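Participant:
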Amino acid sequence: MNLTVAEQQRLGQLADLVEEVDSQAAPQLRFVHRALEGINRPGQSLGVLSSAFNPPTIAHVEMAALAQHHFQMDEILLELSVVNVDKSVFGADLGQRCWLLENLVKSYPSWTVGLGSHGRFVDKARAIRAVYPSQTNLYFILGF
């Protein structure tokens with residue numbers, strides 16, 4: 018793959034971000050990309066699609082888009098965790114996956130990419146609630 022200097026630098030920044038996220042500390046969510054038209058006040062709805070995104074697929078996009086449309090969600094968060102409950106990280110590294118997701122959401126102004134520290138949904142919810150306005154309605158989008 019031939020990357021520009023800027024793309025290589027961004028991949029380096031994302032690798033550094035992955036290293037900063039501590040799975041042994043309190044649950045946290047770090048933003049890779051913020052939605053241009055996302056949640057900005059209490060009471061809005063956030064759809065969270067948490068996945069390994071190895072790689073991001075048409076199925077990921079369709080699940081998120083359909084959920085957002087059907088349930089009138091104000092923002093979609095594509096959440097990638099540095100640890101998973103049921104599998105280890107293999108294939109593309111987490112920085113590369115963040116980069117792929119960041120490029121994917123450029124076509125979706127109400128979509129955000131976040132990097133989470135924990136694999137359990139209860140911990141993901143704690144981390145997400147800490148960085149979104151109070152009373153944000155949180156919905157996990159699930160599929161298999």
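Just so we're aligned, residue 18 is where the sequence shown starts under the numbering used here, counting upward by one.
All C-beta atoms in this analysis are idealised placements derived from N, C-alpha and C, irrespective of residue type, glycine included.
In this text the structure is predicted, and so the values were computed from the model without any measurement.
Taking the CB atoms as reference points, tell me whether ALA81 and ILE158 lie closer together than 8 Å.
Facilitator: Yes.
Participant: Does the Cβ-Cβ distance between LEU95 and VAL122 come in under 8 Å?
Facilitator: Yes, these two residues count as a Cβ contact at 8 Å.
Participant: Using beta-carbon positions only, say whether LEU118 and VAL130 come within less than 8 Å of one another.
Facilitator: Closer than 8 Å, so yes.
Participant: Let me confirm a value: ARG58 is counted as buried when at least 16 other C-beta atoms fall within 10 Å, else exposed. Which label applies?
Facilitator: Exposed is the call here.
Participant: Mind checking who TYR156 pairs with in its DSSP beta bridge?
Facilitator: In DSSP, TYR156 forms a bridge with GLY64.
Participant: Is TRP116 near the ligand COA - that is, is its Cβ less than 7 Å away from at least one heavy atom of it?
Facilitator: Questions concerning the ligand COA fall outside what the structure shown contains, since it holds no ligand whatsoever.
Participant: I'd like to know whether the C-beta atoms of LEU34 and ARG47 end up nearer to each other than 8 Å.
Facilitator: In contact: LEU34 and ARG47 (Cβ atoms closer than 8 Å).
Participant: Quick one: what does DSSP say ILE56 is sitting in, helix, strand or coil?
Facilitator: ILE56: coil per DSSP, three-state reduction.
Participant: Using a Cβ-Cβ cut-off of 7 Å (strictly less than) and excluding sequence neighbours within five positions of TYR149, which residues of its own chain qualify?
Facilitator: The residues are ILE56 and LEU63.
Participant: Determine the DSSP secondary structure at LEU20, reduced to helix, strand or coil.
Facilitator: In the structure shown, LEU20 sits in coil (DSSP, three-state: anything other than H, G, I, E or B).
Participant: In whole angstroms, give me the CA-to-CA distance for ALA109 and PRO72.
Facilitator: Between ALA109 and PRO72, the C-alpha separation is close to 8 Å.
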